[in-house]
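Working notes, beginning with the structure itself.
Number of protein chains: 4
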Amino acid sequence: MLYSFTNDYSEGCHPNILQRLTDSNLTQQPGYGNDEFSQESVAAIRALCGKPDLEVHLVAGGTLANLIVLSAFLKSYESVICAETGHINNHEAGAIEATGHKIETVATPDGKLRPEDIRPLINKFPEYHTVKPRIVYISNSTEIGTIYHRQELVELSHFCRQNNLLLYLDGARLAMALSAQSNDLTLADIASLTDIFYLGATKCGGLIGEAIVMGNEALRKDFKYFIKQRGALMAKGRLFGIQFAELLRDNLMFDLGAHANASAQRIAQRLQELGFTFLTQSETNQIFPVLPDALIQELSKTYGFFVWKKMQEGYSAIRIITSWATPAEYVDQFLQDATALAKKAK
Amino acid sequence: MLYSFTNDYSEGCHPNILQRLTDSNLTQQPGYGNDEFSQESVAAIRALCGKPDLEVHLVAGGTLANLIVLSAFLKSYESVICAETGHINNHEAGAIEATGHKIETVATPDGKLRPEDIRPLINKFPEYHTVKPRIVYISNSTEIGTIYHRQELVELSHFCRQNNLLLYLDGARLAMALSAQSNDLTLADIASLTDIFYLGATKCGGLIGEAIVMGNEALRKDFKYFIKQRGALMAKGRLFGIQFAELLRDNLMFDLGAHANASAQRIAQRLQELGFTFLTQSETNQIFPVLPDALIQELSKTYGFFVWKKMQEGYSAIRIITSWATPAEYVDQFLQDATALAKKAK
Amino acid sequence: MLYSFTNDYSEGCHPNILQRLTDSNLTQQPGYGNDEFSQESVAAIRALCGKPDLEVHLVAGGTLANLIVLSAFLKSYESVICAETGHINNHEAGAIEATGHKIETVATPDGKLRPEDIRPLINKFPEYHTVKPRIVYISNSTEIGTIYHRQELVELSHFCRQNNLLLYLDGARLAMALSAQSNDLTLADIASLTDIFYLGATKCGGLIGEAIVMGNEALRKDFKYFIKQRGALMAKGRLFGIQFAELLRDNLMFDLGAHANASAQRIAQRLQELGFTFLTQSETNQIFPVLPDALIQELSKTYGFFVWKKMQEGYSAIRIITSWATPAEYVDQFLQDATALAKKAK
Amino acid sequence: MLYSFTNDYSEGCHPNILQRLTDSNLTQQPGYGNDEFSQESVAAIRALCGKPDLEVHLVAGGTLANLIVLSAFLKSYESVICAETGHINNHEAGAIEATGHKIETVATPDGKLRPEDIRPLINKFPEYHTVKPRIVYISNSTEIGTIYHRQELVELSHFCRQNNLLLYLDGARLAMALSAQSNDLTLADIASLTDIFYLGATKCGGLIGEAIVMGNEALRKDFKYFIKQRGALMAKGRLFGIQFAELLRDNLMFDLGAHANASAQRIAQRLQELGFTFLTQSETNQIFPVLPDALIQELSKTYGFFVWKKMQEGYSAIRIITSWATPAEYVDQFLQDATALAKKAK
């Protein structure tokens with residue numbers, strides 16, 4: 014296989030991180046997130062969000078962040094609402110339910126939630142026989158590559174606050190969302206429009222680590238107990254601290270996100286020129302072109318990708334993902350090969 | 014502060030790990046533990062245990078390993094038995110109970126469990142009104158520095174098998190236990206005498222990572238679901254794989270454990286020569302000397318350590334921990350300072 | 014209000030139960046289900062099911078039965094599949110999720126599940142990222158009044174056994190289902206085609222109590238621990254025992270079910286004659302006629318019922334439920350009033 | 014067997030309850046605790062407690078009450094403290110842990126808790142690595158027959174309020190406690206000194222039912238969701254309502270408690286006169302005399318009781334329990350037989 018477009022975590026991490034790990038290796042540091050690198054990364058997030066008192070916690074992965082946050086802020090009879098495509102609903106092996114909470118889902122065409130999607134789920138009758146929604150979970154970018162724009166997030170945030178709902182944003186690929194071409198949101202917007210979000214490093218240039226950022230002051234008390242109890246308080250917090258300290262210096266994480274987006278969008282554009290359609294209108298580093306099965310089979314001899322869904326007779330949607338590390342030459346080669354194969358097929 | 018003996022996770026990791034991370038950084042690898050480095054570390058553990066079919070899973074931390082294993086193999090009415098000093102009982106913020114299970118404890122003088130400690134807890138009357146013990150949890154080395162010897166583990170293992178109890182060993186500091194002076198156990202013994210154990214890297218030369226090793230074949234089915242569900246299946250498994258691949262090459266982890274033990278035992282020996290006693294009979298890298306409060310106060314001006322427990326009037330036990338990275342010169346300096354201060358005090 | 018058709022638990026219980034409670038009141042009995050009345054009711058269920066070794070347990074209510082059974086037989090990563098209308102999905106305030114398990118739902122037009130509804134949910138890709146279905150939950154009669162016929166249950170049972178799925182039947186209104194006009198199932202069929210079911214007394218002539226019946230021998234071990242742990246093991250099991258002992262003597266429970274059905278079906282027939290349609294094709298004691306809002310308002314001055322759903326402009330579906338105790342004269346009066354009001358409206 | 018002193022739930026219930034059930038049987042009532050009998054019993058409890066706005070909920074059993082209350086008011090990292098003899102610790106099959114919470118226990122000689130028992134468990138170091146105590150659980154009468162006096166409860170209540178701990182009282186046998194000879198507490202005291210308690214009917218003249226009484230207003234919001242979610246919201250709440258309505262009329266429940274106490278104390282007094290000692294100093298309906306094994310064997314031919322604990326060579330403690338229904342003639346006969354057998358043995 015020449016190159017795998019199967020996911021955005023196939024490579025290691027940005028070299029700056031490895032360099033800093035090496036340089037600081039023998040410095041003694043306090044454990045459990047009290048090290049100077051974690052403090053540095055917290056300061057960087059606070060600065061980017063324009064909130065000097067934000068509470069920030071670094072944990073190992075996205076499922077862990079999701080289950081800690083949701084179980085911390087839901088009472089046992091309260092539910093979380095998400096899109097049917099939501100990661101917590103499909104790809105966390107029941108992690109949220111295992112902490113005792115129901116996920117209520119809404120089918121939406123683009124993987125995004127709007128107030129009108131949520132309204133029917135609140136004030137359900139009859140009281141105390143049904144669960145009571147308390148958190149709205151969204152992803153940006155979504156699981157199918159779409160992004161939220163400022164006005165959408167403002168409306169959703171407003172609706173949630175009016176209806177006593179917390180808004181939680183899963184930012185596993187927030188670096189890609191915020192560096193997408195049509196994006197008009199900043200990290201500071203995210204921090205002020207949501208109650209909590211996490212900013213992911215694993216898929217955006219880091220080796221490991223997601224930063225849980227708590228904009229809503231009312232939620233902060235004793236949060237570290239929840240982290241410890243779910244097994245997420247790491248002795249050597251320096252490992253996470255260094256990821257974020259480096260990725261947040263000089264806009265690095267967002268530049269890497271832009272690189273990943275640009276690579277995927279280059280592929281999307283050429284496939285569109287070749288006359289192919291897409292399952293979703295993605296602006297980020299995940300695209301879902303609908304291709305003839307014969308072409309898919311030929312491409313799969315040289316490239317890795319995921320066959321996502323059977324479509325009309327003889328066609329399937331595939332998922333192509335690019336990463337912070339995807340080399341331009343492999344994208345070039347893929348485009349050349351796809352073009353040649355598509356033309357031959359005609 | 015000249016040097017901190019507060020814990021064994023103050024420094025980073027053995028340089029071999031950083032080198033390998035750097036060398037392999039841009040190699041594309043499958044995610045979720047299917048990378049070649051994880052496979053290499055699994056092979057190394059199988060070889061050390063002499064069992065070519067062992068199932069091994071790498072996770073981020075000890076509390077995570079404990080809660081995954083215990084919740085996977087306990088039915089809701091089944092309990093885990095541990096010593097009162099057990100990490101799961103004291104220092105995991107209720108992680109095990111949060112997965113729905115009762116911990117039953119036994120007070121033991123040395124932090125170790127023997128069959129006679131467990132016997133009273135099984136066959137409790139009346140049936141179905143009480144929990145039913147199913148797993149015995151032990152730590153080696155224990156939370157207070159002691160270790161199990163071969164005969165003790167054989168007897169405990171035999172007792173558990175006779176009584177339909179699973180034996181689980183928390184090996185956060187197993188490298189220290191197996192490199193202690195009087196140790197007569199091998200990793201292969203551990204694998205065959207327990208049903209499951211974990212081998213810790215975080216405190217023994219790694220940055221992050223614990224290897225769950227499942228000797229009991231009956232337990233293996235679908236175990237990866239439990240790992241995913243608790244948020245412990247990391248996208249970039251290569252990070253964990255490289256820790257163990259490097260630490261298990263050429264006995265490195267156990268040599269590092271021996272270094273940590275030797276450093277602590279040098280301190281213990283001198284303190285004993287100075288006439289001080291100890292709270293527990295440790296052979297490993299955690300020692301608990303009982304010192305005059307005045308001496309403790311003087312030492313704390315230069316060195317970091319934890320004041321563990323008030324003892325007789327004017328005395329306290331402190332905890333001194335050394336690590337794989339503790340430099341000989343700081344141990345020398347500490348001994349010199351302690352000797353001088355102790356003599357001055359007389 | 015002349016009479017309430019709001020639910021089938023507005024009245025007390027069949028007088029035989031009160032008589033037996035009174036007659037036996039001062040007899041000393043062992044606790045926790047070991048009393049002679051519980052044993053008598055177990056024997057009656059075994060006889061009706063034609064299985065002399067069936068395990069049977071009596072608990073207070075349906076939600077309690079559901080949460081005990083589902084949490085007992087699901088591993089933490091396993092899910093239960095049900096129809097979107099399923100009681101566990103809508104009206105148990107997240108009781109199943111609170112025990113740590115995901116419910117996967119399927120939209121079906123009649124509240125019933127068929128193999129083709131379930132097939133897409135099994136063998137989901139990718140393994141260990143998603144939950145794994147293990148139990149199929151059905152209700153008979155369903156939450157919208159429909160019933161399963163023999164061939165349907167045979168096919169579903171066969172499919173479940175082929176696919177390593179347990180089949181669990183919620184029989185809150187099983188007495189009504191088995192006494193419906195087109196029913197061709199017996200209690201013995203239910204016991205052999207499902208792995209577990211519960212037979213409800215609360216809505217079928219009793220004051221309290223549901224009987225969990227475990228046809229599948231493999232599930233029986235230690236089941237009483239689960240009952241105790243969920244707070245469902247009652248000291249005075251005699252109360253539940255007497256309910257079932259009396260209701261299962263001489264077919265009483267099923268005669269009461271037939272009475273409830275006949276009362277509702279009399280109403281349904283007249284409303285149909287008056288030209289009204291129904292939301293669901295119910296054969297049992299719950300009917301959902303679609304009526305003009307003006308008529309609904311008039312009827313609600315004299316009768317209790319639940320307005321279920323807005324339909325086309327000016328119409329709503331209401332839910333009318335009759336019970337074992339519904340007096341014929343109130344049904345007559347309702348029919349007379351509805352007829353008069355409907356005619357006046359024309 | 015002539016008579017069983019094995020427990021206090023061998024007989025049915027006070028005849029007034031059966032009469033009222035019969036008289037009201039066909040009255041239609043709303044479900045889920047909204048019936049007039051439940052309202053009547055709530056009013057009676059409010060009147061006895063002197064608090065017209067108390068929130069009261071009726072549930073089926075004590076374990077159910079305990080698990081609902083404790084899981085409702087503990088965050089996942091918070092613990093409940095109880096005496097080692099506490100019912101929740103020993104005889105609920107891990108019900109509390111199954112809802113995700115740790116129980117921390119204290120050994121006390123008389124089954125009662127005092128501020129000095131609790132103090133060492135709060136402010137544990139280090140923060141967020143250990144659970145955080147939040148509820149103190151006590152029983153009155155205790156599991157070994159002792160009772161709390163006013164001054165003790167005042168001190169405990171004061172301590173809890175000073176330390177941000179909720180005080181919860183398990184009143185399975187509160188009727189016995191409040192009718193014991195040296196008792197100086199009223200139900201109003203209990204309501205004002207605790208945050209929550211439950212008043213049990215099952216062991217004090219009822220068939221089934223415990224009343225959860227919430228003195229602390231801050232805890233009331235949405236409590237019915239917790240009841241529903243744990244399967245404890247019964248469709249025919251009238252059954253519970255009638256128990257309490259009848260038992261609380263004209264002091265009936267406490268008169269029945271006094272009868273039970275007097276029966277046991279008559280036995281205790283005679284056994285003491287015969288020179289026997291007791292395991293605990295009980296004033297209520299559970300006594301634990303230490304008798305020669307030969308005498309125990311003789312008595313067990315005619316009477317039922319539980320052999321509690323082996324004592325010095327040739328002696329065991331037995332548990333004798335009397336109930337609201339224990340007939341005086343069986344107590345007389347027991348005393349006569351015990352006296353004769355004891356004298357013969359000398």
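Residue numbers (the numbering used here), protein chains in the order written: chain A, 14 to 359; chain B, 14 to 359; chain C, 14 to 359; chain D, 14 to 359. Just so you know, even glycine gets a beta-carbon here, dropped at the ideal spot from N, CA and C.
List the endpoints of the continuous alpha helix (DSSP H) containing residue i.
i                 : result
Glu97 of chain D  : Premise fails: Glu97 of chain D is in no alpha helix (DSSP H) and is neither H nor E.
Glu86 of chain A  : Before going further, note that residue 86 of chain A is Phe rather than Glu in the sequence given. Its alpha helix (DSSP H) spans residues 75-86.
Lys125 of chain C : It is not in any alpha helix (DSSP H) - Lys125 of chain C carries neither H nor E in the DSSP assignment.
Arg59 of chain A  : 49-62
In chain order, what residues of the same chain have a beta carbon less than 7 Å from the beta carbon of residue i, not counting five sequence neighbours either side?
i                 : result
Pro65 of chain B  : Arg59
Val320 of chain B : Ile309, Ser329, Ile331
Glu311 of chain B : Leu354
Phe18 of chain B  : Tyr316, Gly317, Phe318, Ile333, Ile334, Thr335
Tyr343 of chain C : Leu15, Tyr16
Tyr45 of chain C  : Leu246, Ala248, Gly250
Ser205 of chain B : Gly228
Residue i: which of the options sits nearest, CA to CA?
i                 : options                                : result
Ala248 of chain B : A:Ala273, A:Ile81, A:Leu348, A:Gly213  : A:Gly213
Glu326 of chain C : C:Asp306, C:Leu284, C:Lys115, C:Ala188 : C:Asp306
Leu166 of chain D : D:Leu126, D:Thr297, D:Ile135           : D:Leu126
Pro43 of chain D  : C:Phe50, C:Gly25, C:Ile30, C:Pro340    : C:Gly25
Ile255 of chain D : D:Phe18, D:His27, D:Leu178, D:Ala85    : D:His27
Asn47 of chain D  : D:Gln32, D:Leu246, D:Glu105            : D:Leu246
Val93 of chain C  : C:Ala106, C:Glu140, C:Val144           : C:Val144
Leu71 of chain D  : D:Ala185, D:Lys357, D:Ala108           : D:Ala185
Ser37 of chain A  : A:Ser313, A:Leu252, A:Thr76, A:Asp197  : A:Leu252
Gly222 of chain A : A:Leu15, A:Lys314, A:Ser54, A:Ile203   : A:Ser54
Asn102 of chain B : D:Ile116, D:Tyr343, D:Cys217, D:Lys356 : D:Ile116
Tyr22 of chain C  : C:Phe50, C:Val82, C:Tyr45, C:Thr215    : C:Thr215
Asp151 of chain A : A:Phe291, A:Leu180, A:Gly288           : According to the sequence provided, residue 151 of chain A is Ile. The question's Asp does not apply to it. Residue A:Leu180 is the option with its Cα nearest to Ile151 of chain A.
Leu61 of chain C  : C:Thr118, C:Glu140, C:Ala106, C:Leu198 : C:Leu198
Output needed for residue i: all residues of its chain with C-beta closer than 6 Å, excluding positions within five of it in sequence on either side, in chain order.
i                 : result
Arg147 of chain A : Leu87, Glu91
Glu259 of chain B : Asn29, Ile30, Arg33
Met227 of chain A : Glu68, Ile209, Arg233
Asn79 of chain A  : Ile101
Asn264 of chain A : none
From which residue to which residue does the beta strand (DSSP E) around residue i run?
i                 : result
Asp183 of chain A : 179-184
Thr118 of chain A : 116-119
Ser205 of chain B : No beta strand (DSSP E) contains Ser205 of chain B, which is instead part of the alpha helix (DSSP H) from 200-206.
Cβ contact (3+ pairs, closer than 8 Å) linking the segment 126-139 of chain B and the segment 163-183 of chain B: yes
State whether the segment 154-170 of chain D contacts the segment 187-194 of chain D, with contact taken as three or more CB pairs (one from each stretch) at a distance under 8 Å. yes
For the 8 Å Cβ check, are there 3 or more pairs between the segment 232-242 of chain B and the segment 207-222 of chain A? no
Stretch-stretch touch, CB-based, cutoff 8 Å, three pairs: the segment 230-239 of chain B with the segment 97-109 of chain B: Output reads no: the segment 97-109 of chain B does not touch the segment 230-239 of chain B.
Given 8 Å as the limit, is there contact between the segment 288-304 of chain B and the segment 330-350 of chain A, that is, 3 or more CB pairs closer than that? no
Scan the segment 266-335 of chain A and note each continuous beta strand (DSSP E) run of 3 residues or more that stays entirely inside, going in chain order. 302-305, 319-323, 328-334
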